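S.K.: The structure's right below; bear with me while I get my questions together.
2 protein chains.
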Amino acid sequence: MDKLVVIGGGAAGMSASSRARKLKPDMEITVFEATKMVSHAPCGIPYFVEGLFNDENLFMTYTPQFFEEKRKINVKINTKVTEVDLDSRIVYAESKDGKIKAEYDYLVISTGSLPKKLSVEDGNDRIFYAHHPANAVELREKLWSLNNIAIIGGGILGVEMAEALTHLGKKVILIHRGKYLLNRTLDQELGNIITQRIMKDAEVRLDERVETIKNGGRLIITDRGKYEVDGTIVAVGVTPNVELVKDKIKLGETGAIKVDEHMRTNYREVYSAGDNTESIHIVTGKPYWVPFAPVANKMGYVAGSNIGGHEMKFPGVVNTQITKYKEFYIGRVGLQEDEAKRYGFKPIAATISGKTRARYYPDAKDIHIKIIADENSKKILGGQIVGGEEVLGRIDMLAAAIMKGFIIEDTFFIEMGYLPAISRVWDPVIVAIRQLMKDE
Amino acid sequence: MDKLVVIGGGAAGMSASSRARKLKPDMEITVFEATKMVSHAPCGIPYFVEGLFNDENLFMTYTPQFFEEKRKINVKINTKVTEVDLDSRIVYAESKDGKIKAEYDYLVISTGSLPKKLSVEDGNDRIFYAHHPANAVELREKLWSLNNIAIIGGGILGVEMAEALTHLGKKVILIHRGKYLLNRTLDQELGNIITQRIMKDAEVRLDERVETIKNGGRLIITDRGKYEVDGTIVAVGVTPNVELVKDKIKLGETGAIKVDEHMRTNYREVYSAGDNTESIHIVTGKPYWVPFAPVANKMGYVAGSNIGGHEMKFPGVVNTQITKYKEFYIGRVGLQEDEAKRYGFKPIAATISGKTRARYYPDAKDIHIKIIADENSKKILGGQIVGGEEVLGRIDMLAAAIMKGFIIEDTFFIEMGYLPAISRVWDPVIVAIRQLMKDE
Ligand SMILES: Cc1cc2nc3c(=O)[nH]c(=O)nc-3n(C[C@H](O)[C@H](O)[C@H](O)COP(=O)(O)OP(=O)(O)OC[C@H]3O[C@@H](n4cnc5c(N)ncnc54)[C@H](O)[C@@H]3O)c2cc1C
Ligand SMILES: Cc1cc2nc3c(=O)[nH]c(=O)nc-3n(C[C@H](O)[C@H](O)[C@H](O)COP(=O)(O)OP(=O)(O)OC[C@H]3O[C@@H](n4cnc5c(N)ncnc54)[C@H](O)[C@@H]3O)c2cc1C
Numbered sequence: 000m001d002k003l004v005v006i007g008g009g010a011a012g013m014s015a016s017s018r019a020r021k022l023k024p025d026m027e028i029t030v031f032e033a034t035k036m037v038s039h040a041p042c043g044i045p046y047f048v049e050g051l052f053n054d055e056n057l058f059m060t061y062t063p064q065f066f067e068e069k070r071k072i073n074v075k076i077n078t079k080v081t082e083v084d085l086d087s088r089i090v091y092a093e094s095k096d097g098k099i100k101a102e103y104d105y106l107v108i109s110t111g112s113l114p115k116k117l118s119v120e121d122g123n124d125r126i127f128y129a130h131h132p133a134n135a136v137e138l139r140e141k142l143w144s145l146n147n148i149a150i151i152g153g154g155i156l157g158v159e160m161a162e163a164l165t166h167l168g169k170k171v172i173l174i175h176r177g178k179y180l181l182n183r184t185l186d187q188e189l190g191n192i193i194t195q196r197i198m199k200d201a202e203v204r205l206d207e208r209v210e211t212i213k214n215g216g217r218l219i220i221t222d223r224g225k226y227e228v229d230g231t232i233v234a235v236g237v238t239p240n241v242e243l244v245k246d247k248i249k250l251g252e253t254g255a256i257k258v259d260e261h262m263r264t265n266y267r268e269v270y271s272a273g274d275n276t277e278s279i280h281i282v283t284g285k286p287y288w289v290p291f292a293p294v295a296n297k298m299g300y301v302a303g304s305n306i307g308g309h310e311m312k313f314p315g316v317v318n319t320q321i322t323k324y325k326e327f328y329i330g331r332v333g334l335q336e337d338e339a340k341r342y343g344f345k346p347i348a349a350t351i352s353g354k355t356r357a358r359y360y361p362d363a364k365d366i367h368i369k370i371i372a373d374e375n376s377k378k379i380l381g382g383q384i385v386g387g388e389e390v391l392g393r394i395d396m397l398a399a400a401i402m403k404g405f406i407i408e409d410t411f412f413i414e415m416g417y418l419p420a421i422s423r424v425w426d427p428v429i430v431a432i433r434q435l436m437k438d439e
Numbered sequence: 000m001d002k003l004v005v006i007g008g009g010a011a012g013m014s015a016s017s018r019a020r021k022l023k024p025d026m027e028i029t030v031f032e033a034t035k036m037v038s039h040a041p042c043g044i045p046y047f048v049e050g051l052f053n054d055e056n057l058f059m060t061y062t063p064q065f066f067e068e069k070r071k072i073n074v075k076i077n078t079k080v081t082e083v084d085l086d087s088r089i090v091y092a093e094s095k096d097g098k099i100k101a102e103y104d105y106l107v108i109s110t111g112s113l114p115k116k117l118s119v120e121d122g123n124d125r126i127f128y129a130h131h132p133a134n135a136v137e138l139r140e141k142l143w144s145l146n147n148i149a150i151i152g153g154g155i156l157g158v159e160m161a162e163a164l165t166h167l168g169k170k171v172i173l174i175h176r177g178k179y180l181l182n183r184t185l186d187q188e189l190g191n192i193i194t195q196r197i198m199k200d201a202e203v204r205l206d207e208r209v210e211t212i213k214n215g216g217r218l219i220i221t222d223r224g225k226y227e228v229d230g231t232i233v234a235v236g237v238t239p240n241v242e243l244v245k246d247k248i249k250l251g252e253t254g255a256i257k258v259d260e261h262m263r264t265n266y267r268e269v270y271s272a273g274d275n276t277e278s279i280h281i282v283t284g285k286p287y288w289v290p291f292a293p294v295a296n297k298m299g300y301v302a303g304s305n306i307g308g309h310e311m312k313f314p315g316v317v318n319t320q321i322t323k324y325k326e327f328y329i330g331r332v333g334l335q336e337d338e339a340k341r342y343g344f345k346p347i348a349a350t351i352s353g354k355t356r357a358r359y360y361p362d363a364k365d366i367h368i369k370i371i372a373d374e375n376s377k378k379i380l381g382g383q384i385v386g387g388e389e390v391l392g393r394i395d396m397l398a399a400a401i402m403k404g405f406i407i408e409d410t411f412f413i414e415m416g417y418l419p420a421i422s423r424v425w426d427p428v429i430v431a432i433r434q435l436m437k438d439e
């Protein structure tokens, strides 16, 4: 009987093991998970902190019991894998009950990512990372007890935590290295809109680098000043968690584990999926790293399919991102304009502002759209949207278009629906696209 | 100097004339419009009746003055074209100031559609059609003065009028020929959901045919009974308005004007665009007729481009439809399951029900999705969605997919975004798609 071992019971790991189980009812499947939670959703942490829900079990799509009973998957929670012997095909793990040794025929590495750290002096009792749901209760208790909180990093996580904390009435200072917030998500035209919005609720410090954090998180020293706060959230990004195997398995140029289309590493029986795994950007054909949940799930699904004997290929990524801040949804897909240049494209772009509903229909929201295309091939390279409603689906539509190489004119002709209550007869996306056709 | 004449100043006509103007600054352009309104939006009529706005001028995107002054287009409102001499290239029109004769080098026919009628006896002072914004004020005044109102026809217009009137507190009886409401938009699984919802607000009579309307609209005789009401809205569909040219120009099998990809009729200098024009369904390659505003606008744009000397081809339609009823948005694209069979496909389908937000995020709405694919080619043939939010964009995404022949697996891999506040980590669309992959 084939044995599958999965390291890490997050989105990717549970997706891989469930899919393999479905295809191979007899396979022996064991998942090792360092924390108490599996199939969990870190994405909910900011909302838990905001107080939108209180039951930490809701972080889990399914419980370990569910996987044990319904899917016959051995789930070893609170059990950390400490070593992998790839040549002998053995995994070594540890729990408070002792050490475990497990042999495998197939291995899935799905250890996720780790938060990047900053230089810290004198303790860290007031330094927080919003990273794993298993720590969410403790994180929330501490944050709720503080008043002046610094967030370092103005990317998606920093902005989501700023939303949560300002909503709670905390005094927030957001210190960001970039010229505007969300600069890895949006180009400046749209990024400025969000930056200005957040400035209404929080003190935003841009273009400022943190040098060190002192007094356990109560003092922040930057290249431009000092800030005294009650505590500090560090949200300066994540890196692939490849600790276990980094000297043994081939990594890609992004630092994540290199895989082929089947999610196979350089060991034929070893797969990798999720935030610890490198991908190929569909637009550039180059290695790229997208640490987001749908990608992790689908990578896991593909790994599980192949292990289960149903061949499947992961097509690569286009870096769809979606977040929100108060009344604004924020989405992007594909390449940013600068990125496009770096990859050798000749980007042309159109940025428009519009409304989400017919002029006569009440409660229309603002919507701002930037579309980037390549002047030579006319292909759509990227899209960014900031708006009050229906941002997600428009981004998803652009994701579909970008994944299949739609040119500007193809996109113009997408038969987007029109209902005065929720769209415009010339959809704002089409208005932006039409601008790109203008010069023709 | 080239002369362009446009018959009908609706979406298609004004789009064509604006585009031609842009490309040919010197062209002499004249638009004849029978009513007082141009670039108007019939789509707003139900919302005007509902009382969501009061200024009838809001029906117009731009006024006739705007087109005259800013775009140098001669707009003859209240002027009806009565005859077209295609061989001599002359259009004859009439207004209260007398007759006009206009020569053309290019002609665009954009006369829209006409509402279908039913058999009527003894007058029609209480029989209403919600068709042209120029009559919206009168329509609303009359409807507001009545209490018991029958709507005949449970398609999109009937449902939108039912929303408006029940919102106003009117007693509504909705008489529909089909087995469930919106049966030309949705298959039964999803159609039933909406039908049951509307039944909470209105008396819904299904599978019932109107034989005649009597007493000026106060008495309706069906194959199953008689209904006494204060007035009757007839919403049993529209037909292409081809009165002017039906004996002179080639019509297609749908009854609308046949055109090539350039929107040219069988007369080289005569173009047709909008609701009076036939198209090709991209999925079937067969003639099809889609009387919706975005299609009309884009057909007009293509006609205007070609007239202006910039070659452009209209790729055909996929029949995207979107409407709403109270808390539900309703969308569809592509072929319905029955339609797919009729066209010789072997449809397989998956229907799922889900939520629009993460399980822990407040105020999630229900969402119901049906996806139809072809068993042989694996191509996506159609999609239908009924849900509380983010229906439009998901339909638009499916429209893009269907237009470019995405197969099931392509669609599975669309990198749809995930934010707990507005989506699910396995997007409901992907859940439905995954079901279609199950048997593989
Ligand atoms: C606060 C926050 C908000 C986010 N919001 C979004 C969002 O809105 N949308 C979105 O798409 N993505 C979001 N993400 C990203 C998303 O959560 C990740 O992409 C996704 O969780 C990746 O899944 P994974 O299975 O690869 O890794 P993880 O979910 O991180 O799971 C990896 C698991 O492996 C375990 N593990 C690691 N090492 C070992 C070991 N040696 N032995 C045993 N177990 C081990 C870990 O304990 C962990 O449970 C967010 C992330 C965070 C932190
Ligand atoms: C109540 C209602 C709600 C709708 N809701 C939606 C919706 O939500 N979404 C959507 O996409 N579509 C909707 N539609 C359909 C949409 O309005 C049409 O597809 C669109 O208006 C078609 O544009 P058109 O230019 O082809 O025709 P029209 O807008 O009908 O314009 C044709 C014009 O030609 C003029 N005309 C006709 N004959 C002559 C003549 N002989 N001489 C001079 N002028 C003439 C007419 O007066 C008219 O102004 C709705 C339609 C109605 C009636």
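Quick mapping for you: the protein sequence lines, in order, are chains X and A. Just so you know, the first sequence maps onto residues 0 to 439 in numbering that gives the first Met the number 0. Just so you know, the second sequence maps onto residues 0 to 439 in numbering that gives the first Met the number 0. Think of the CB as a built atom: it goes at the ideal place given N, C-alpha and C, for glycine as much as any other residue. Please read these numbers as outputs of a predicted model, since none were measured by experiment.
#1: Just the chain X side, please: which residues come within less than 7 Å of W425(A) by C-beta, in chain order?
#2: At 8 Å on the CB atoms, spell out the chain X contacts of P419(A), in chain order.
#3: Would the C-beta of L156(X) count as close to ligand 4, meaning under 8 Å from any of its heavy atoms?
#4: Which residues in chain A have a C-beta closer than 7 Å to the C-beta of S443(X)? List them in chain order.
#5: Excluding five sequence neighbours on each side, which residues of the same chain lie with their C-beta closer than 7 Å to the C-beta of Y179(X)?
#6: When we look at the beta-carbon of Q320(X) and count the other beta-carbons within 10 Å, is it buried (16 or more) or exposed?
#7: List the residues of chain A that L51(X) touches, going by C-beta distances under 8 Å, in chain order.
#8: For T110(X) and K323(X), what's the separation of their Cα atoms in angstroms?
#9: Verify whether the separation of the beta carbon atoms of I126(X) and G230(X) is less than 9 Å.
#10: Is the segment 310–317 of chain X touching the segment 404–424 of chain A in the sense that three or more CB pairs, one from each, lie closer than 8 Å?
#11: Here's the rule: buried if 16 or more other CB atoms are within 10 angstroms of the residue's CB, otherwise exposed. What is V136(X)?
#12: Per the DSSP calculation, S352(A) is bridged to which residue(s)?
#13: Using the three-state DSSP reduction, which class does A133(X) fall into: helix, strand or coil?
#14: Any heavy atom of ligand 2 within a distance shorter than 8 Å of the CB on F291(A)?
#15: Measure from the alpha carbon of K100(X) to the alpha carbon of each residue in Y266(X), R139(X), S87(X) and V107(X), then state which is nearest.
#16: Looking at C-alpha atoms only, which residue of K75(X), L22(X), M13(X) and T78(X) is the closest neighbour of M59(X)?
#17: Flag this pair as yes or no: are the beta carbons of V107(A) and A349(A) separated by less than 9 Å?
#18: For the pair the segment 257–274 of chain X and the segment 292–311 of chain X, tell me if three or more CB-CB distances fall below 8 Å.
#19: So the alpha helix (DSSP H) Q195(A) belongs to, where does it begin and stop?
#20: Examine ligand 1 and report whether any of its heavy atoms sits within less than 8 Å of the Cβ of N240(X).
#21: Taking 9 Å as the CB-CB limit, is Q320(X) close to chain A?
#22: Does the segment 79–93 of chain A touch the segment 201–220 of chain A, meaning 3 or more C-beta pairs lie closer than 8 Å?
#23: Sorted by chain position, which residues of the same chain lie with C-beta nearer than 8 Å to E391(X)'s C-beta, five sequence neighbours on each side aside?
#24: What is the residue span of the alpha helix (DSSP H) that G299(X) lies within?
#25: Report the rounded CA-to-CA distance for R196(X) versus K170(X), giving the unit in angstroms.
#26: Looking at ligand 2, does it come within less than 8 Å of I72(A), judged from the CB to the closest heavy atom?
#27: Report the three-state DSSP secondary structure of D373(A) (helix, strand or coil).
#28: Give me, in chain order, the residues of the same chain whose beta-carbon lies closer than 7 Å to that of V430(A); leave out the 5 immediate sequence neighbours on both sides.
#29: List the endpoints of the continuous beta strand (DSSP E) containing Q320(X).
#30: Could you check which residue in K377(X), W425(X) and R176(X) has the C-alpha nearest to that of M436(X)?
#31: Is there a Cβ of chain X sitting closer than 9 Å to that of I429(A), yes or no?
#32: Per the DSSP calculation, I174(X) is bridged to which residue(s)?
#33: Is the closest heavy atom of ligand 2 to the C-beta of M262(A) under 8 Å?
#34: Look at the alpha carbon of L117(X) and the alpha carbon of K325(A), and state the distance between them as a whole number of angstroms.
#35: At a CB distance below 8 Å, what residues from the segment 62–82 of chain X approach chain A? Give them in sequence order.
#36: By the criterion of Cβ-Cβ separation under 7 Å, what are the contact partners of I394(X) in chain A?
M.R.: Per the coordinate set shown:
#1: N296
#2: A40, C42, G43 and Y46
#3: Looking for ligand 4 in the displayed structure turns up nothing; the ligands present are ligand 1 and ligand 2.
#4: Limits of chain X in this structure are 0 at one end and 439 at the other, which puts residue 443(X) out of reach.
#5: Q187, G190, N191, T194 and L205
#6: buried
#7: Y359, Y360 and P361
#8: 27 Å
#9: yes
#10: yes
#11: exposed
#12: H367(A)
#13: helix
#14: yes
#15: S87(X)
#16: M13(X)
#17: no
#18: yes
#19: Q187 to M198
#20: yes
#21: yes
#22: no
#23: According to the sequence as given, residue 391(X) is Leu; it is not Glu. Correct list, in chain order: I321, Y328 and G330.
#24: A292 to I306
#25: 16 Å
#26: no
#27: strand
#28: I351 and G353
#29: Q320 to Y324
#30: K377(X)
#31: yes
#32: I151(X) and R204(X)
#33: no
#34: 51 Å
#35: none
#36: G416
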